Amino acid sequence: MRRRPWLSWFSWLSCLLMLAAPAMAEIRITIEGVSGAVLKNVEAHLAISELVERAAAGSKISTADVKRRHQRAPADITNALQALGYYQSQVQTSLVAVGKDWEANYRIQRGPPTRLRAVLIEVDGAELTTIPPPEPGAKTSLRTGERCLLYTSDA
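Each position in the sequence shown, counted from 1, maps to that position plus 84 in this note's numbering.
Written out as structure tokens, the structure reads:
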């Protein structure tokens with residue numbers, strides 16, 4: 085039987101490359117203090133969530149990218165809460181490296197929903213001549229005491 089030295093080298097080299105290949109980082113996100121539609125909206129707004137999907141797909145994630153998106157998280161969370169009428173929120177964050185993995189934690193106090201005290205709609209400019217004035221006592225969907233929402237939700 086004839087020996088093939090290149091096959092032996094190839095086998096060793098393959099083994100070494102497999103051992104030296106970097107393992108992909110995993111990112112775990114924990115969000116506390118909100119649930120239901122509010123939680124879903126926060127998750128949808130978090131830029132760091134995209135890294136979780138990329139890491140799960142096998143993409144390499146840089147430390148700088150994880151830290152940059154984590155720093156954006158308070159603004160992402162604030163925007164998500166404001167869209168549902170919570171304008172007095174507080175967010176505490178932490179990011180911990182655990183070996184090659186990351187743990188991002190977000191503790192949210194959403195505060196009370198903002199409610200309308202008074203509703204006054206004024207129309208200025210050219211629209212004033214094209215939009216008829218409301219009838220006295222006309223009903224509107226805006227009511228005093230209702231939550232101030234940027235869009236309708238069941239939150």
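Just so it is clear, CB atoms sit at the ideal spot from N, CA and C, and this is done for glycine as well. The structure presented is a predicted model; accordingly, all values stated were derived computationally and were not measured.
- Within a 10 Å sphere around the beta-carbon of SER143 sit fewer than 16 other beta-carbons, which makes this residue exposed.
- In this chain, ALA188 is not harboured by any alpha helix (DSSP H); it is covered by the beta strand (DSSP E) spanning 185-193.
- GLN172 carries a coil assignment under DSSP once its states are collapsed to helix, strand and coil.
- Contact between LEU179 and LYS151 is confirmed by a C-beta separation of about 7 angstroms, below the 8 angstroms threshold.
- About 14 angstroms separates the beta carbons of ILE192 and ILE132, which is beyond the 8 angstroms limit, so they are not a contact pair.
- Nearest to TRP186 by alpha-carbon distance, out of ALA121, VAL122 and ASP149, is ASP149.
- Of all alpha-carbon atoms in GLU137, THR177 and LEU168, the one lying nearest the alpha-carbon of PRO196 is that of LEU168.
- A direct Cα-Cα distance of roughly 20 angstroms separates GLN172 from ALA128.
- For GLU116, the enclosing beta strand (DSSP E) has its first and last residue at 111-116.
- Sequence-distant Cβ neighbours of ILE111 in its own chain, meaning closer than 6 angstroms and more than five residues away, are LEU135, VAL136, ALA139 and TRP186.
- Only buried fits ALA109, as 16 or more other CB atoms lie within 10 angstroms of its CB.
- Within its own chain, the residues whose Cβ lies closer than 6 angstroms to the Cβ of ILE113, once the five positions on either side in sequence are excluded, are ALA188, listed in chain order.
- Between the alpha carbons of LEU204 and ASN125 lies a distance of about 29 angstroms.
- Here SER178 carries a strand assignment [DSSP, helix/strand/coil].
- Around the beta carbon of LEU165, 16 or more other beta carbons lie within 10 angstroms, which makes this residue buried.
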